[in-house]
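Written below as C-alpha cells is the structure these notes are about.
Residue numbers (this note's numbering): 134 to 402.
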C-alpha cells in the first residue's frame, strides 16, 4: 500500500509563474507518485484562485480513485475574507455529496474502498504568527492569523485507519491538537496499532515532539521549503510500525507547492 502525504499549496507553481499550467504540473506529479492513498493539505474546493476546481475530486480522477473526501477548514479563500463553518455547512464533502460552497481545507483520495469518513475539529488560535511565503524565489515573512483546523479519517475496507491533518502553525497550539488526534485515533473502531496511521503537515519542526513517547515517525525527510528543504514538518506516525517496517520513497521538487510530498510503502500482508 503506497501512501502519500502532501501539502499541495492549492497546486501553486513554485517559483510562482503566471504562465505555468498548474493543472498539468499537478497531473504530472500525481502520475509519478502512483499512490494508493494520498492525504492532502491546503487544497481548494471551487475557489476562483485555483480556477474553480474541486482539487480533491480532480486528483481522484487523475489517480483513477473512486473514493475521496474533502474537509473544509474555512469557507471562502484564506487569501480573502473567510468565515468559520456553521451548522448548515457540510463538514465532509465526498464523491457522494451534492456541490458545496467554496472552501479551503484538507482531503483524502483513496483507491482502496473507504467504509466510513470521520472528522475532528479544532478552533483556530486567537493569535497569529509571522510566516514565510515564497516571493520571487525568496521567503518573505508576513503576519498571518490562524484559522480553524481539522483531522479527516478514513476507515478502509482492508481494515486500516488513515488520519490526515494540517495543524496550526502556532507553537504549542499545534502540539495540543496533535495530542487530541492521537487519542481520537483509538475511538474509530480500529484497535490494531499497526493499522493506524496519522499523517500530514504538523507544522512542528521537531520529530521528538511530534512522535512523543508512544508513536514512531515512519519517514525522516526534510520537506520544506520544497526548492531547498531545511525542515521536516510533514510526518507519518504509527504506534505499531517503525521506520524499518516501511519503504521510503523520495521525490525532488517538481515545480509545484512549497512542500515535497512524503511517501511510504507498507506491506499490508
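Beta carbons: idealized from backbone N, C-alpha and C, even for Gly.
Note that the structure is predicted; figures quoted are calculated from it, not measured.
Residues sharing a beta bridge with residue 271, DSSP | Locating residue 271 in the chain shown gives position 138, counting from the first residue. Paired residues: 268.
Reduced DSSP category for residue 466 - H, G, I as helix; E, B as strand; rest coil | Look at the range of the chain in this structure, 134 to 402, and you will see that residue 466 is not part of it.
Are the CB atoms of residue 392 and residue 139 nearer to each other than 8 Å?
-> Residue 392 sits at position 259 when you count from the first residue of the chain shown. Residue 139 sits at position 6 when you count from the first residue of the chain shown. In contact: residue 392 and residue 139 (Cβ atoms closer than 8 Å).
Is residue 143 helix, strand or coil by DSSP?
-> Here the question's residue 143 lines up with position 10 in the chain shown. Helix, per DSSP.
Rounded to whole angstroms, how far is the Cβ of residue 196 from the Cβ of residue 399, which I believe are closer than 8 Å?
-> For this step, residue 196 is matched to residue 63 along the chain shown. For this step, residue 399 is matched to residue 266 along the chain shown. That pair is no contact at about 18 Å.
Closest Cα partner of residue 281 within the set 248, 207, 325 and 317 | The residue labelled residue 281 in the question sits at position 148 within the chain shown. Selected option, being the one with the closest Cα: 207.
For residue 240, write down the residues that DSSP places opposite it in a beta bridge.
-> Indexing the chain shown from 1 puts residue 240 at position 107. In the DSSP output, where bridge partners are listed per residue, residue 240 has 173 and 203.
Residues that residue 86 bridges to, as DSSP identifies them = Shown here, the chain extends from 134 to 402; a query on residue 86 therefore has no answer.
With a 10 Å radius around its C-beta and 16 neighbouring C-beta atoms as the bar for buried, classify residue 312 as buried or exposed.
-> By one-based count along the chain shown, residue 312 stands at place 179. Answer is exposed; the Cβ neighbour count stays below 16.
Looking only at C-alpha atoms, which of 287, 255, 297 and 268 sits nearest to residue 279?
-> Here residue 279 refers to the residue found at position 146 when the chain shown is read from its first residue. The shortest Cα separation from residue 279 among 287, 255, 297 and 268 belongs to 255.
For residue 331, count neighbouring Cβ atoms within 10 angstroms of its own Cβ and tell me buried if that reaches 16, exposed if not.
-> Here residue 331 refers to the residue found at position 198 of the chain shown. Classification for residue 331: buried.
What's the gap between the Cα of residue 261 and the Cα of residue 402?
-> As a first step, residue 261 must be located in the chain shown, where it is residue number 128. As a first step, residue 402 must be located in the chain shown, where it is residue number 269. Looking at the two C-alpha atoms, the distance is approximately 44 Å.
Starting from the C-beta of residue 205, find all residues in its chain whose C-beta is less than 6 Å away, skip the five residues before and the five after it, and write them out in chain order.
-> For the purposes of this step, residue 205 is identified with residue 72 of the chain shown, where counting begins at 1. Excluding sequence neighbours, residue 205 sits near 236 and 238.
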